[in-house]
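Below you can see the structure in the form of C-alpha cells.
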C-alpha cells in the first residue's frame, strides 16, 4: 500500500512539473513575440510661418486629418518651414543670409519653427507649431504655456545660431523640389507639382489612396 502511494505521488509530481514547464514556455514565447510594425507613409510638408495658405492647410486639413482619423501611428511626417525663401550672399557683411516671401519676420519665425522641430519630439512640436500658426506674431510663449511644453532649448537654438544656419537643411530639401506654391505636399518622397491643388483641398482622400497604394491596406476611416 505504501509502495502504491509512493508511485502515485511520484507520477503526479512529474505531471505537474511537465504541465508547469509547458505553460511557462508558452508565456515566454508569447511575451517575446514582437508586434508587427505599423507601416508609416512618408509625408513632407513645405510651408511658411506667415503664409495664410500654409496656416489654413496645417491647422484645418493636416492637423484635423491626423487627429480625427488616428493617423499619427501611420505617418512619417517631416515639416520644412522654408517655402519660397532663398539664400543670398551678403557681400557687405561677408556672410550667407536668407530672405523670405513675407519678409524678415517670416524668416525669424521659420527659424524658430525649425528649432522647435529640432528640440522637441515630433507630435508635441507639431501641436506647438499648429497653435503658433493661429497668429501672425510670435506666439511661442502663449502656446507653450497652453500646451505645458518646455521651450527653453528651442529658444536657445534660435538665439545661438544665425537664421541662415538654422534654415540651411530645410532650404536644401525645399529648393530641391522647385515648388511654385506654398504649402507643397510630398507623399512617399514623390513631388507631384500638378496634383498640389487636389492634395491641398482633398488631403484625406489623397492620403487614403497613397497609403492603400503603397501598403495594400485600406484604412478604417477611408471610404
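In the working numbering, the protein residues as written are 1 to 223.
Every residue, glycine too, gets a C-beta built ideally from N, C-alpha and C.
- In the DSSP assignment, residue 90 forms a beta bridge with 95.
- Residue 77: member of the beta strand (DSSP E) spanning 75-81, first to last residue.
- In this structure, residue 72 sits away from residue 65, with a CB-CB distance that is not shorter than 8 Å.
- With contacts defined by Cβ atoms closer than 8 Å, residue 185 and residue 200 form a contacting pair.
- In this structure, the straight-line span from the alpha carbon of residue 124 to that of residue 195 is close to 29 Å.
- Using a Cβ-Cβ distance cut-off of 8 Å, the region 53-62 and the region 177-191 are in contact, since at least three pairs of beta carbons, one from each stretch, lie closer than that value.
- Taking a contact to require three or more Cβ pairs closer than 8 Å, the region 207-223 and the region 78-92 do not qualify as touching.
- Residue 129 counts as buried, since no fewer than 16 other beta carbons sit within 10 angstroms of its beta carbon.
- A Cβ-Cβ distance of about 6 Å is found for the pair residue 81 and residue 114, placing them in contact under the 8 Å criterion.
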